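Each residue of the sequence shown is one higher than the one before, counting from 500 in the numbering used here.
Cβ coordinates follow ideal geometry from the N, Cα and C atoms, glycine included.
Note that the coordinates shown come from a computational prediction; the quantities given were computed from them, not determined experimentally.
What follows is a single structure, written as structure tokens, with notes after it.
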Amino acid sequence: MGKISVMRVKWKIALGLYCVAVLYLSSLPAKELPDQTAMVPDKVLHMIEYALMGILAWGAFGIGGGRFPWGLLVFCVCFGIGDECLQDWLDQARDPDVWDAAADAAGAFIGLLLSMVFWKR
500 MGKISVMRVK
510 WKIALGLYCV
520 AVLYLSSLPA
530 KELPDQTAMV
540 PDKVLHMIEY
550 ALMGILAWGA
560 FGIGGGRFPW
570 GLLVFCVCFG
580 IGDECLQDWL
590 DQARDPDVWD
600 AAADAAGAFI
610 GLLLSMVFWK
620 R
């Protein structure tokens, strides 16, 4: 396995662990989470969370070539929607929010775009 392949495997593992962490934290009841909204608005936190996911997805699967990785964006957006649906299904005093999913999508787009610009393949 070449150096690039080993790095891709590491990025894929990091992405997988990050996705598990997002789902775990989303499954916790709201009262068990620290209230960060006094310092940083909720939508900004969602954007940062999914920008990181976009960066990890680019590290794991980005191919370069100057074309936007729409498939990776679809993955991140679907993950965000699924995460919101999970919160509704678990009913842990957390409500799904369309605007949270929109902030997730915007964050993923920003993370992927930054990865394309600053991380040449």
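Buried or exposed by the 16-neighbour rule on C-beta atoms within 10 Å, applied to W598: Numbered from its first residue, the sequence shown carries residue 598 at position 99. By the 10 Å Cβ count, W598 comes out exposed.
Under the three-state DSSP convention, the category R507 falls into: As a first step, residue 507 is located in the sequence shown; it is residue number 8 there, counting from the start. In the structure shown, R507 sits in a helix (DSSP, three-state: H, G or I).
Run through DSSP, which three-state label would G501 get? Within the sequence shown, numbered from 1, the residue matching residue 501 stands at position 2. Reduced to three states, the DSSP call for G501 is coil.
Kindly give me the distance between the Cβ atoms of A607 and A550, rounded to whole angstroms, as I take these residues to be in contact under 8 Å. As a position in the sequence shown, residue 607 is number 108, starting the count at 1. As a position in the sequence shown, residue 550 is number 51, starting the count at 1. With a Cβ gap of about 7 Å, A607 and A550 count as contacting.
Helix, strand or coil for W569, going by three-state DSSP, please let me know. For the purposes of this step, residue 569 is identified with residue 70 of the sequence shown, where counting begins at 1. Here W569 sits in helix by DSSP.
What is the DSSP secondary structure of I562, counted as helix, strand or coil? For the purposes of this step, residue 562 is identified with residue 63 of the sequence shown, where counting begins at 1. In the structure shown, I562 sits in coil (DSSP, three-state: anything other than H, G, I, E or B).
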